[in-house]
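Only one structure is covered here, and it is reproduced in the block below.
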Amino acid sequence: MYLLTKEGDDLAIVFAPEEKLRIGDNLDIDGIVAQVIDIQFADLRGVLEHILRKSLITKSETQEHIQPEVKSIIDSLTDQKLAIAKIRGRLVETIDETEKPKKVFKTGLSEFNISRSKAKIVNLNQQELFDALDLCFPGTCDFAKTLSTDPKSFDVLAERWGINLITGMKGSGKSYAAKRILLKLIERNVLTIVFDLNGEYLNLWKAEENKPNRYSPAFRILKPGLTRATAFESPFLIPLNEISYDDFAKFFNVPEGSSTYQQIFQFWRKNKNIQFDLNDFATFVESVSNEAVKAALVGRIESAKGLGIFGPSNLTTTISDMSNNGGALVINLAQVSSWERGIVVDFILRKLTHMGQSGTIKPISLFLEEAQLYVDQSKMINILTRMRHLGIFPTFITNDPRTLPDEVYSLLDNLIAFMFKNEDELRQLAKSGFIDKKSIDALKHLEKRQCIVVGNLTSNYPIFVQIEPQAGVVMGGETKKLVS
Ligand SMILES: Nc1ncnc2c1ncn2[C@@H]1O[C@H](COP(=O)(O)OP(=O)(O)OP(=O)(O)O)[C@@H](O)[C@H]1O
Ligand SMILES: [Mg+2]
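At position 478 of the sequence shown (counting the first as 1) the number is 468 in the working numbering, and the numbers step up by one without a gap.
Here it is in structure tokens:
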């Protein structure tokens, strides 16, 4: 391997066909660490001329006689490849606590004392890189394998999980990775609340043939609108007295300040600090003298009853119990109208804020699949800015990173990005500041299940990995085919 050029942070390295390099490989160039982000043919001037001449000769039926040894040199030159490698930093020799020499990774490069003719370029061993990054994976390390010529196991360390974004094209493997992380968080006794838009987290407690797996005791599934609990799901209910009069009015489109709004306010004020339900509200409405207001309120109460989402609930105790032992509380939002979804999610977010403020829960994780479909931008910003102080850590999972507010990108702890082809989405990801646009462009070359992980999880070094399959769990996520 030879160093050809340096342009900004990009090194162009020429390598022969017998030398193996892959996107994601890390190179040690006399102590400088660079990562391969693209591979091309080495379009050196003489080589181009040679190829052009060869193509013309075939057409003109002229014979070219080159001495065999020269021909083999020219042919192998034609096959030389060019790796574009991004300088990530350097390896610095230090001494660890036990006085042993240790290499640590440092970002930045203030000197560039490299000889083009003499520089020794070697494929940096993944373990050496992980050691230099202080990345150590105790226990079974089965989450992913690095995309390097020498693949190495990589894991998600629960203590490094925080505010996270998992993104990539449709079908690229985002939810699968999220589910694997969810199971890892359960193992570390962390509670995750999942807003499951497509009902694809519902079978994670099962092994093959519908038998419960080892995670099954940790799962609770709640479904809004369910009339009766089944063996697997319980109804999701909101106690009427746990929402404000203003929320009730907003949910049921009662204009602020109207006479109907005033009556709702009166009822809530009268029942302050006591439990009440829709029947109590209906009894109150009977005494309203204005017939038009009465009719408007009766209509609202009927539609609230029809929704089947208001009623007594033990959500507070469920969340606080589960936050002690860890687990997954899956809110099944499939088949729930967007309007109800808004009410349900809003209620849970307010409940979590309240419980976080009163200190009744341990830190919890929140998985939001396609959050833009049920959380408006101002609430997303609230989740990001306020809730993290209360110990609530969101993970956004989306195939369109442009739907998230800029705050997501400025506060992100971890980015897991799968394949994207579209320029707009790639540009949006570069905004995170975690990783430059050119490295993000490498996502175009990834296959399904392959992604780049960067952030706390990787000590901020971008690592290309392929997510490994999960054994013993029904992972779901299969989409229906038009013709099977
Ligand atoms: N690492 C993996 N090992 C085995 N199967 C996988 C892996 N990643 C994804 N799959 C399978 O590929 C399919 C698509 O994956 P997944 O549901 O995670 O995609 P997605 O990116 O979430 O797509 P969408 O944008 O449609 O939600 C699923 O059937 C899933 O089981
Ligand atoms: Mg998905």
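We treat Cβ as the ideally placed atom computed from N, Cα and C, and that holds for glycine.
query = Near Gly301, what residues of its chain come up, given a Cβ to Cβ distance below 6 Å and the 5 sequence neighbours on each side ignored?
reply = Leu227
task = Could you tell me which of Ala286, Phe31, Ser224 sits nearest to Pro245, measuring between CA atoms?
result = Ala286
key: Secondary structure of Gly445, DSSP reduced to three states   = Residue state, collapsed to three classes: strand.
ask   = Less than 7 Å between the CB of Asn389 and some heavy atom of ligand 1, yes or no?
value = Yes - ligand 1 has a heavy atom lying nearer than 7 Å to the Cβ of Asn389.
query = Applying the criterion that 16 or more other CB atoms from any shown protein chain within 10 Å of the CB defines a buried residue, is Cys441 buried or exposed?
reply = buried
ask   = So, Asn261 versus Val464, is the Cβ gap smaller than 8 Å?
value = no
ask   = Using a threshold of 7 Å, is the CB atom of Gly316 nearer than that to any non-hydrogen atom of ligand 1?
value = The answer is no for Gly316.
query = Helix, strand or coil: which one does DSSP assign to Asn404?
reply = strand
ask   = Are the beta-carbon atoms of Ile104 and Asp20 separated by less than 8 Å?
value = Going by C-beta atoms, Ile104 is nearer than 8 Å to Asp20.
key: Straight-line gap, Pro214 to Ile321 (C-alpha atoms, nearest Å)   = 8 Å
query = Can you list the beta strand (DSSP E) stretches of 3 or more residues lying completely in the stretch 158 to 207, in chain order?
reply = If we require 3 residues or more, the beta strand (DSSP E) runs fully inside the stretch 158 to 207 come out as 181 to 186.
key: Residue span of the beta strand (DSSP E) that contains Ile382, given as start and end   = 382 to 388
Neighbourhood of ligand 1 [Cβ distance below 6 Å to any heavy atom], ordered by chain position = Residues with a Cβ closer than 6 Å to any heavy atom of ligand 1, in chain order: Gly158, Lys160, Gly161, Ser162, Gly163, Lys164, Ser165, Tyr166, Asn389, Arg439, Ile457, Pro459, Met465, Gly467, Glu468.
message = Quick check on Asn231: does DSSP put it in helix, strand or coil?
response = Secondary structure at Asn231: helix, using DSSP grouped into helix, strand and coil.
task = With hydrogens ignored, establish whether the beta-carbon of Ser293 is closer than 7 Å to any heavy atom of ligand 4.
result = With respect to ligand 4, the structure offers nothing, as its ligand set consists of ligand 1 and ligand 2.
Contacting residues, own chain, Cβ-Cβ under 7 Å from Asn315 (five flanking each side not counted) = Asn179
Own chain, CB closer than 7 Å to Glu458, minus 5 neighbours either side, in chain order = Asp132, Phe133, Ala134, Lys135
key: Reference Tyr251, options Leu305, Ile29, Val288, Thr385, closest by Cα   = Measuring from the Cα of Tyr251, the nearest candidate turns out to be Val288.
According to DSSP, residues forming a beta bridge with Asp0 = Glu(-3), Lys76
query = What three-state label does DSSP hand Pro452 in the structure shown?
reply = coil
task = Identify every run of the alpha helix (DSSP H) within the stretch 104 to 157, keeping only runs that are complete inside it and at least 4 residues long; order them along the chain.
result = Counting whole runs of 4 or more residues, the stretch 104 to 157 contains the alpha helix (DSSP H) stretches 116 to 122.
key: For Asn280, the nearest candidate out of Ile264, Gln253, Glu292, Phe257 (CA to CA)   = If we check each option's Cα against that of Asn280, Gln253 comes out closest.
Inter-stretch contact (C-beta, 8 Å, three-pair minimum) for the stretch 264 to 282 and the stretch 361 to 379 = no
message = As a quick exercise: from Leu216, Phe120, Glu223, pick the residue whose alpha carbon is nearest that of Ser206.
response = Glu223
query = From Lys284 to Asn154, what does the alpha carbon distance come to, in whole angstroms?
reply = About 48 Å.
query = Going by C-alpha distance, which of Glu8, Asn16, Glu9 is nearest Leu1?
reply = Asn16
ask   = Just how far apart, CA to CA, sit Asp431 and Leu416?
value = 7 Å
inquiry  = Using DSSP's beta-bridge definition, name the partner residues of Thr84.
reply    = Answer is Lys92.
ask   = When we look at the beta-carbon of Asn404 and count the other beta-carbons within 10 Å, is it buried (16 or more) or exposed?
value = Counting the other Cβ atoms within 10 Å of the Cβ of Asn404 gives 16 or more, which makes it buried.
Outcome for Leu394 when other beta-carbon atoms lying within 10 angstroms are tallied against a minimum of 16 = buried
message = Would Leu11 and Ile29 be called neighbours here (beta carbons separated by less than 8 Å)?
response = Yes, the Cβ-Cβ distance between Leu11 and Ile29 is below 8 Å.
task = Run the CB neighbour count on Thr273, radius 10 Å, all protein chains shown included, and call it buried at 16 or more, exposed below.
result = exposed
query = Using a Cβ-Cβ cut-off of 8 Å (strictly less than) and excluding sequence neighbours within five positions of Ile425, which residues of its own chain qualify?
reply = Only residues of its own chain outside the window of five on either side were considered, and among them Leu405, Leu419, Ile442, Val444, Pro452 have a CB closer than 8 Å to the CB of Ile425, listed in chain order.
task = Report the option in Ala318, Glu9, Gly79 whose CA atom is closest to the CA atom of Lys93.
result = Gly79
ask   = Cα-Cα, which of Lys295, Gly152, Leu323 is closest to Asn188?
value = Leu323
With 16 other Cβ atoms within 10 Å as the buried cut-off, status of Asp414 = That one is exposed.
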